[in-house]
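Undergrad: Using this note's numbering, the first residue of the sequence shown is number -5, and each one after it goes up by one.
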Amino acid sequence: MIHWLVCPADACPGLEDGAAPPGFLSTPERETYAGLAYPKRRREWLLGRWTAKRLLRLSLARYGELSLRAITVGNDPDGAPFLSVDREGRLPVSLSISHRQDRAFCALSPSPAPPIGADIERVEPRDPVFVHDFFTTGEAQLVQHCPPAARDTLVTVMWSAKESVLKTLRLGLRADTRRVEIQDVGGIEPASPESDGEGGWRQVQVQSTLPGATHLCAWWRRDGTYVLTLAAGSSQR
Ligand SMILES: CC(C)(COP(=O)(O)OP(=O)(O)OC[C@H]1O[C@@H](n2cnc3c(N)ncnc32)[C@H](O)[C@@H]1OP(=O)(O)O)[C@@H](O)C(=O)NCCC(=O)NCCS
-5 MIHWLVCPAD
5 ACPGLEDGAA
15 PPGFLSTPER
25 ETYAGLAYPK
35 RRREWLLGRW
45 TAKRLLRLSL
55 ARYGELSLRA
65 ITVGNDPDGA
75 PFLSVDREGR
85 LPVSLSISHR
95 QDRAFCALSP
105 SPAPPIGADI
115 ERVEPRDPVF
125 VHDFFTTGEA
135 QLVQHCPPAA
145 RDTLVTVMWS
155 AKESVLKTLR
165 LGLRADTRRV
175 EIQDVGGIEP
185 ASPESDGEGG
195 WRQVQVQSTL
205 PGATHLCAWW
215 RRDGTYVLTL
225 AAGSSQR
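(1) Is Thr219 helix, strand or coil by DSSP?
(2) How many Å lie between Ala28 and Arg36 at the Cα?
(3) Going by C-alpha distance, which of Phe99, Arg84, Pro122 and Arg120 is nearest Gly111?
(4) If you measure from the CB of Asp313, is any heavy atom of ligand 1 nearer than 6 Å?
(5) Helix, strand or coil: how does DSSP classify Glu115 here?
(6) Going by CA-CA distance only, name the one from Arg164, Glu115 and Phe129 that's closest to Gly218.
(7) Nearer than 6 Å: is that true of the beta carbon of Ser92 relative to any heavy atom of ligand 1?
(8) Is Ser154 buried or exposed, if buried means 16 or more other CB atoms sit within 10 Å of its CB?
(9) Any chance the segment 126 to 145 sits against the segment 200 to 208, with 3 or more Cβ pairs inside 8 Å?
(10) Using 6 Å as the cut-off, classify the Cβ of Leu167 as near or not near the heavy atoms of ligand 1, replying yes or no.
(11) Quick one: does the C-beta of Trp44 sit closer than 6 Å to a heavy atom of ligand 1?
(12) If we count the other Cβ atoms within 10 Å of its Cβ and call it buried at 16 or more, is Leu224 buried or exposed?
(13) Is Pro75 near ligand 1, judged by its Cβ being under 6 Å from some heavy atom?
(14) Do Asp72 and Arg164 come within 7 Å of each other at the CB atom, strictly closer than that value?
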């Protein structure tokens, strides 16, 4: 089971100034926050943590009453996020964070394995060079055969699903994005009960030649003008 939550920036008080809401940051987080030089990065970092902490409290009942400052959202040296709580330490869960403009998307699985990845992207036109550079030949063909009106959505879903898979593998964009191939996104027509699974999630068929990339599963759904994707090492959503 993967829990997930999207938070818009106006859900996090004080965020427009890049200021941390009172009583929100843990001691280690305050140190990290002090080192963030740019307002945009401060805002997205704060909103990601706001969303991840709320998700933890909503999805795991034993943390439902925990104060936000007792929860730390940290990053391992490779950048992947983790959760720890005061007096307990690092939690045996898998967390993934994504931020885009005015919103954050977090996913949480109540066990560390298989790891999960989450990504949010705004649907917008991308230059054909983008597809040429970052997509496989097979993916470029899928884009080419897609009706023009649906192309931006398809490219966004495919790109986002690649990012989710690369987060699952803890590689991010250190890896060649063409080593993750999106083979099918289950159609890009508007959401309907017939085409979508539980919660509007559609299955993505994905293959990868990257180390550790066996039994990959991925899903996508719309969220207004955004696309959300999730990935996991095996079928567990
Ligand atoms: C993972 C990555 C593709 C995400 O970039 P993005 O699409 O611009 O940003 P998103 O908002 O979707 O995701 C950012 C979040 O991804 C997570 N992340 C970063 N690196 C990650 C990794 N190796 N594996 C899994 N998740 C990772 C972090 O939680 C980060 O948010 P936070 O820093 O506020 O905690 C990109 O950060 C990357 O390629 N990182 C690895 C290479 C790198 O430059 N690392 C430097 C940090 S050590």
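We put the CB at the ideal spot given by N, CA and C, even for glycine.
TA: On the basis of the data shown:
(1) Counting from 1 along the sequence shown, the entry for residue 219 is found at position 225. The answer is coil: DSSP assigns Thr219 none of H, G, I, E or B.
(2) If you number the sequence shown from 1, residue 28 lands on position 34. If you number the sequence shown from 1, residue 36 lands on position 42. Roughly 9 Å between the two C-alpha positions.
(3) Here the question's residue 111 lines up with position 117 in the sequence shown. The residue with the shortest Cα to Cα distance from Gly111 is Phe99.
(4) With the chain covering only -5 through 231, there is no way to say anything about residue 313.
(5) On the sequence shown, residue 115 is found 121 positions in, with the first residue counted as 1. It is a strand residue.
(6) As a first step, residue 218 is located in the sequence shown; it is residue number 224 there, counting from the start. Considering only alpha carbons, the answer is Glu115.
(7) Walking along the sequence shown from the start, residue 92 turns up at place 98. True, at least one ligand heavy atom lies under 6 Å from that Cβ.
(8) Residue 154 sits at position 160 when you count from the first residue of the sequence shown. With 16 or more Cβ atoms within 10 Å of its Cβ, Ser154 is classed as buried.
(9) no
(10) Here the question's residue 167 lines up with position 173 in the sequence shown. Checking the Cβ of Leu167 against ligand 1 gives yes.
(11) To locate residue 44, count along the sequence shown from 1; it is residue 50. No, since every heavy atom of ligand 1 falls outside the 6 Å radius drawn around the Cβ of Trp44.
(12) Start at 1 with the first residue of the sequence shown, and residue 224 comes out as number 230. Buried.
(13) By one-based count along the sequence shown, residue 75 stands at place 81. Pro75: yes, Cβ under 6 Å from ligand 1.
(14) By one-based count along the sequence shown, residue 164 stands at place 170. By one-based count along the sequence shown, residue 72 stands at place 78. It is a contact, given that the beta carbons lie within the stated cut-off.
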